[in-house]
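Enquirer: One structure coming up, written as structure tokens, with questions to follow.
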Amino acid sequence: MSANVDRTRDLASARALHRRLRRLGEATAPAGVLGAVLDELGLAERYLSLESPIGTLYVAFNGGRISGVAPAADDAAFERTYRARTGRSARRAEEAPSGLLSAIRRHLAGETVDLDLDLRQLSEFERAVLLKAREIPRGEVRPYGWIAREIGRPGAVRAVGSALNKNPVPLLIPCHRVVKSDGQLGEYAFGPSLKRQLLASEGLDLGRIDALAQAGIRFVADLAGDEYCLPTCRWVRDKAPSEVRWLPSVAAARAAGYRPCSDCRPAAIAV
Amino acid sequence: MGPGGFATRSWARVFDLVRRDVDAGPADDAGSGEAVRAGQAECEEQVDDETLTRALAADLDGTFEALVRAYQDRLYAFGLRLTGSPRDAEEIAQDAFVRAYRALGRYPAERVETLKLRAWLFQVTVNVARNRARTRRPAEVPLLATDGTYEGLADRPDDDAEQPEQVAERQDEQDRVAAVVATLPERYRAAVVLRHIQGLSYQEIAVVLGQPAGTVKSNVHRGVAYLRAALDAAGLSIGTADLAAGRA
């Protein structure tokens, strides 16, 4: 009997000691630890901001490599966004790596600039989608299905949309130039109105795009030539209505004896 | 999912996380210099060791911050209980992470992927602490910070709201228990801290300390006996109040 009481008391006291000790493990590291470690290892990411056609644009970089781009209202908003997207933190840069800002500005202005982009966190498919989107010239748009076909995955139209939604460097990789195959502009990570704004800033004639989409026109052929194009292809977009023929489908284009343009490669996007 | 394992998020998911984070209230520190901890509450999805090692093997640089976030409190607490000094604990934790990064960079990917991450990180930390202890005179190792407090102690998440004086009392008692732990002979201290404060298994501790599991077990037991005696001597014995609390 008394042995039982002792045993109960021992157990309770062991539990009490255990509880006391576990509490000693509940310390919180000082706020500076993470920053100090990342600084020492050269892993700290930095960002800066610049004005763009859609407001203040934030650019994060690691070494000379651009690891993230996003429009944001202020520093705190960008820091939250960057952290939520990458799991990593970025701090405002004291100064930009030489040439980076001007390279980005020139790129946004439409020049061909070779920017070093960090796409390591993406799958091969996602990378293929984004690199293909990068080929779409300023002032033009391409359908989601066009990307799927061009990278050899014609059935993966929806997956193309998901991959574009993971674009770590919007604007620098112009995922805003990818639209629905019926000519509607479709979704954008930062909202459809920013997409319109961006495309308009690049010289796209939105009124014409909307009108064609509404009329069910998917292709345009130059009456003076024998090829048919996507409506924003540089060969047809500036033609007067009297110089072109409107086509609702690939079948209609074929029936009229046109072959697909070798620049915008419109074939097989919507049969 | 990208090769990194957990870092590829869609913008839709990002905005969802940020919205939840903002709704949860302001970040505890707003300055951009403190970005490091901003938005931590909700943007932080719990990452398990297996996900971490897989991601580290694929992309060390892109993943290392996640490792530091996952382990900084534990390694700091470990250093704090080994040394009794918040300042030493901070330096030990930092040093351990830097060494861990360099070691991971040297290991082949297969080794990183199959690493028993928790035991390995504690092992690195023990080595850092031992190297430091060896290069300084024992008298310089403080048992308590000069002001007698442990600034790093986090409040226990309170289930039933405690009165401030109760918190103060518990905090004070906790400090004294911590001071007693810091007086344990070195060969017992690490074993007891790893087992009872960090909650590692005997097998893991054997890896951390490079000792047979049997030795670890007996050191833990002796250490606990020593600790009980020392707590008694310090007037902190497990009394009737604790017994009552233990039953509640």
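Line by line, the protein sequences give chains B and U.
For the first sequence, our numbering gives the first residue as 1, with consecutive numbering after it.
For the second sequence, our numbering gives the first residue as 1001, with consecutive numbering after it.
Where is the CB? At the ideal position from N, CA and C, for every residue including glycine.
Please give the ranges of any alpha helix (DSSP H) in the segment 124 to 163 of chain B, keeping only runs that are unbroken, at least 4 residues long and fully inside the region.
Expert: The segment 124 to 163 of chain B contains these whole alpha helix (DSSP H) runs: 124 to 133, 144 to 150.
Enquirer: Taking CB distances under 7 Å as the criterion, tell me whether B:Arg20 reaches chain U.
Expert: Closer than 7 Å to some Cβ of chain U, the Cβ of B:Arg20 qualifies, so yes.
Enquirer: Is U:Phe1064 close to chain B? Criterion is C-beta to C-beta, closer than 7 Å.
Expert: So, interface residue.
Enquirer: I'd like to know if U:Phe1122 contacts chain B, where contact means its C-beta is closer than 7 Å to some C-beta of that chain.
Expert: It does not: the Cβ of U:Phe1122 has no partner Cβ on chain B nearer than 7 Å.
Enquirer: B:Glu40 touches chain U at which residues, Cβ-Cβ below 7 Å?
Expert: Neighbours of B:Glu40 on chain U, chain order: Val1098.
Enquirer: Report all residues from its chain with a CB closer than 7 Å to the CB of B:Pro53; omit the five preceding and five following residues, and keep chain order.
Expert: Answer for B:Pro53: Gln197, Leu198, Ser201, listed in chain order.
Enquirer: With 7 Å as the threshold, decide whether the Cβ of U:Ser1010 is near any Cβ in chain B.
Expert: Yes, because at least one Cβ of chain B sits closer than 7 Å to the Cβ of U:Ser1010.
Enquirer: Taking the alpha-carbon of B:Pro137 as reference, which of B:Ile173, B:Pro154, B:Glu150 has the nearest alpha-carbon?
Expert: Of the listed residues, the one whose Cα sits closest to B:Pro137 is B:Ile173.
Enquirer: Check for me: the alpha helix (DSSP H) holding U:Val1224 runs from which residue to which?
Expert: Taken as a continuous stretch (DSSP letters only), the alpha helix (DSSP H) holding U:Val1224 covers 1213 to 1233.
Enquirer: Just by C-beta distance, which residues in the segment 72 to 83 of chain B are closer than 7 Å to chain U?
Expert: Correct list: Asp75, Ala76, Glu79, Arg80, Thr81, Arg83.
Enquirer: Which one of B:Arg134, B:Pro168, B:Val169, B:Ala128 has the shortest CA to CA distance from B:Arg153?
Expert: Nearest option by C-alpha distance: B:Ala128.
Enquirer: Which residue wins for smallest C-alpha separation from B:Ser98, given the options B:Gly87, B:Ala109, B:Cys233, B:Leu115?
Expert: Of B:Gly87, B:Ala109, B:Cys233, B:Leu115, the residue nearest in Cα terms is B:Leu115.
Enquirer: Ignore the nearest five residues each way along the sequence and tell me which others in B:Gly64's own chain have a CB closer than 8 Å to its CB.
Expert: Here the set comprises Pro97, Leu100, Asp116.
Enquirer: Could you check the C-alpha separation between B:Gly186 and B:Arg265 for me, to the nearest Å?
Expert: Their backbone Cα atoms lie some 21 Å apart in a straight line.
Enquirer: I want to know whether the segment 1095 to 1110 of chain U touches the segment 1052 to 1064 of chain U - three or more CB-CB distances under 8 Å.
Expert: Yes, the segment 1095 to 1110 of chain U is in contact with the segment 1052 to 1064 of chain U.
Enquirer: In the DSSP assignment, find the beta strand (DSSP E) that holds B:Val244 and state where it starts and stops.
Expert: Its beta strand (DSSP E) spans residues 244 to 247.
Enquirer: Please list, in chain order, all residues of the same chain as B:Ala248 whose beta carbon is under 7 Å from its beta carbon, the five residues on each side excluded.
Expert: Looking at the sequence provided, one finds Pro at residue 248 of chain B rather than Ala. So the qualifying residues of the chain are Gly216, Ile217, Arg218.
Enquirer: Could you check the C-alpha separation between B:Lys132 and B:Glu124 for me, to the nearest Å?
Expert: Rounded to whole angstroms, B:Lys132 to B:Glu124 spans 12 Å at the Cα level.
Enquirer: Measuring only the C-alpha atoms, how far is B:Pro192 from U:Arg1074?
Expert: Distance between the alpha carbons of B:Pro192 and U:Arg1074: 45 Å.
Enquirer: Taking the Cβ atom as the reference point for each residue, do B:Arg56 and B:Ser67 lie within a distance shorter than 7 Å?
Expert: First, the residue type needs correcting, since residue 56 of chain B is Thr and not Arg in the sequence shown. Not closer than 7 Å, so no.
Enquirer: Verify whether the separation of the beta carbon atoms of U:Val1193 and U:Arg1081 is less than 7 Å.
Expert: Taking 7 Å as the Cβ cut-off, U:Val1193 and U:Arg1081 qualify as a contacting pair.
Enquirer: Where do the N-terminal and C-terminal ends of the beta strand (DSSP E) with B:Leu50 fall, by residue?
Expert: 45 to 52 is the extent of the beta strand (DSSP E) around B:Leu50.
Enquirer: Does U:Thr1135 pass the burial test, meaning 16 or more other C-beta atoms within 10 Å, or should it be called exposed?
Expert: Under this definition U:Thr1135 is an exposed residue.
Enquirer: Span of the alpha helix (DSSP H) holding B:Pro71?
Expert: Segment 65 to 71 is the beta strand (DSSP E) holding B:Pro71; no alpha helix (DSSP H) there.
Enquirer: Which value, in whole angstroms, describes the spacing of the CA atoms of B:Glu26 and U:Gly1199?
Expert: The straight-line gap from Cα to Cα measures roughly 12 Å.
Enquirer: Chain U beta carbons: is any one of them nearer than 7 Å to that of B:Val33?
Expert: So, interface residue.
Enquirer: For chain U, is any of its Cβ atoms less than 7 Å away from the one on B:Ile151?
Expert: No, because no Cβ of chain U sits closer than 7 Å to the Cβ of B:Ile151.
Enquirer: Any contact between the segment 219 to 231 of chain B and the segment 255 to 264 of chain B? By contact I mean 3 or more CB pairs, one from each, below 8 Å.
Expert: Because the criterion of three Cβ pairs below 8 Å is met, the segment 219 to 231 of chain B and the segment 255 to 264 of chain B touch.
Enquirer: For the beta strand (DSSP E) containing B:Phe61, list its first residue and its last residue.
Expert: Start and end: 55 to 62.
Enquirer: Among U:Asp1172, U:Ala1133, U:Val1224, which one has its Cα closest to the Cα of U:Arg1189?
Expert: Of the candidates U:Asp1172, U:Ala1133, U:Val1224, the one whose C-alpha sits nearest the C-alpha of U:Arg1189 is U:Val1224.
Enquirer: Sort B:Phe78, B:Trp235, B:Val37, B:Val178 by Cα distance to B:Arg92 and report the nearest one.
Expert: The residue with the shortest Cα to Cα distance from B:Arg92 is B:Phe78.
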